[in-house]
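Notes follow once the structure below has been shown.
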Amino acid sequence: MIKRAHIRHFLAVADSGSFKQASARLHVTQPTVSTSIAELERLVGSPLFVRDRRHVRLTEPGGAFLPIARDLEAGFRRADQFGRPMQEQWPDLKLGVIPSVSGPLLERLARELAGNFGIELVEGDDRDLRGQLGSGKIQLALTLLGEDEQGPCARTLLEEPYVLVMPETHRFAGASLVAPQDIAGDIMIARRSCEVLQQTSRFFTDAGVRPRFALRSENEDRCMRMVAAGLGVTVAPLSLAPAGTATAEIAGYGLSRRLGLVRGAEFPAEAEERLAATLEIVSASLPSLARQSGAAPS
14 MIKRAHIRHF LAVADSGSFK QASARLHVTQ PTVSTSIAEL ERLVGSPLFV RDRRHVRLTE
74 PGGAFLPIAR DLEAGFRRAD QFGRPMQEQW PDLKLGVIPS VSGPLLERLA RELAGNFGIE
134 LVEGDDRDLR GQLGSGKIQL ALTLLGEDEQ GPCARTLLEE PYVLVMPETH RFAGASLVAP
194 QDIAGDIMIA RRSCEVLQQT SRFFTDAGVR PRFALRSENE DRCMRMVAAG LGVTVAPLSL
254 APAGTATAEI AGYGLSRRLG LVRGAEFPAE AEERLAATLE IVSASLPSLA RQSGAAPS
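The sequence shown runs 14 to 311 under the working numbering.
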């Protein structure tokens with residue numbers, strides 16, 4: 014007999030394209046997911062996934078079974094609520110957000126989503142948000158995407174480099190490329206919420222740069238405003254650079270990030286079309302908005 018666990022495991026693998034990611038999302042072991050999928054394949058009488066070294070994809074029977082599984086999971090959720098006192102249906106979408114998403118980008122996304130959903134924002138780092146996705150505490154997360162993370166569960170919104178951000182009056186304002194040794198004497202601002210903080214610190218240490226810091230803070234807005242005020246320079250994603258600053262690439266650094274929306278297994282199937290329509294609008298506007306947020310390297 015097909016159980017709800019079979020359906021949840023199937024949907025998690027289908028949405029993530031990975032047994033490893035599915036198990037992390039559901040907070041179970043990878044063998045548990047593999048065994049569950051094998052049981053489901055025996056019950057339906059067909060292989061549901063093609064497995065290779067890099068990706069897991071649906072077979073033709075798996076693709077046909079996917080909408081059935083989504084309907085079953087939606088039915089299980091309705092059954093869970095049956096007979097319970099009616100409560101105000103808010104929020105119908107909990108959106109997790111990492112701290113380093115710029116205000117303008119989050120505002121645009123939230124504005125478009127709010128037209129179709131009652132939203133509650135939940136802040137956390139990437140690891141925390143992925144844990145909450147797996148446990149069903151949130152349904153969607155705006156976070157960093159891995160190099161091989163793609164498919165229906167992960168939608169890329171923005172790809173951008175990490176750059177040197179400096180006051181617009183800085184001696185290197187207008188430069189397209191700055192060597193780390195060129196700013197060895199500069200005061201810096203430490204963004205403690207930076208996802209690549211350790212790599213960045215190691216890069217400057219290896220280059221012989223040991224800066225002094227005017228501010229160490231997890232508050233992104235405060236850090237960037239202090240750069241604009243002239244207190245120091247920092248390394249940040251391009252979209253975080255505010256008015257009053259200039260940006261340049263750092264020679265030999267080369268780090269970048271991919272921001273996107275990761276959908277959890279608990280995302281309501283009945284909201285798929287609303288989300289897809291919303292993201293078409295958002296995806297078209299976010300790259301230009303990111304360029305407006307910061308002065309792109311020339």
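We put the beta carbon where it would ideally sit given N, CA and C, even for glycine.
{"query": "Contact check, Leu126 vs Leu108, beta carbons under 8 Å", "result": "yes"}
{"query": "Pick from Val110, Gln163, Ser115 and Leu122 that is closest to Leu146, judged by C-alpha positions", "result": "Val110"}
{"query": "Pro112 versus Leu244, Ala256, Ile263 and Arg235, residue with shortest Cα-Cα distance", "result": "Arg235"}
{"query": "Collapsed DSSP secondary structure at Leu118 in the structure displayed", "result": "helix"}
{"query": "Whole-angstrom distance between Leu153 and Val135, CA atom to CA atom", "result": "10 Å"}
{"query": "Sufficient close CB pairs (3 or more, under 8 Å) joining the stretch 164-182 to the stretch 248-262", "result": "yes"}
{"query": "Length of the line joining the Cα atoms of Asn232 and Ala220", "result": "27 Å"}
{"query": "Beta-carbon proximity of Ala82 to Ile20, cut-off 8 Å", "result": "yes"}
{"query": "Among Thr213, Pro165, Val222 and Leu53, nearest to Ala282 - alpha-carbon criterion", "result": "Pro165"}
{"query": "The beta strand (DSSP E) enclosing Thr218, as first and last residue numbers", "result": "Run containing Thr218: none in the beta strand (DSSP E); it sits in the alpha helix (DSSP H), Leu210 to Asp219."}
{"query": "Within 8 Å, strictly: CB atoms of Pro193 and Val222", "result": "yes"}
{"query": "Between the CA atoms of Ile263 and Ala242 - distance to the nearest angstrom", "result": "21 Å"}
{"query": "Contact test: Ala249 Cβ vs the ligand ADP heavy atom, cutoff 7 Å", "result": "Although the ligand ADP was asked about, the structure shown includes no ligands whatsoever."}
{"query": "Supposed close pair Ala278, Leu24 - CB separation, criterion 8 Å", "result": "5 Å"}
{"query": "Lys107 in three-state terms, based on DSSP", "result": "strand"}
{"query": "Assigned secondary structure, Ser113 (DSSP; H/G/I helix, E/B strand, else coil)", "result": "coil"}
{"query": "Beta-carbon contacts of Met99 that lie in its chain and below 7 Å, excluding the five residues immediately before and after", "result": "Interpretation of Met99 is limited by its pLDDT of 49, a score under 50 that renders its predicted location unreliable; the figure taken from the coordinates is listed afterwards. No residues qualify anywhere along the chain."}
{"query": "Bridge partners - Ala242, DSSP secondary structure assignment", "result": "Ala242 pairs with nothing; no bridge assigned."}
{"query": "For Thr247, the three-state DSSP class (helix, strand or coil)", "result": "strand"}
{"query": "Residue from Val295, Arg225 and Gln34 whose Cα sits closest to the Cα of Ile196", "result": "Arg225"}
{"query": "Of the residues Gln211, Tyr266, Arg38 and Glu172, the one placed nearest Asp141, counting alpha carbons only", "result": "Arg38"}
{"query": "Per-residue burial, Pro250 [other beta carbons within 10 Å of its own, 16 or more giving buried]", "result": "buried"}
{"query": "Selection from Ala289, Leu79, Pro255 and Gly267 that minimises the alpha carbon distance to Val114", "result": "Pro255"}
{"query": "Within 8 Å, strictly: CB atoms of Thr247 and Ile200", "result": "no"}
{"query": "Gly128 and Val69 closer than 8 Å at C-beta", "result": "no"}
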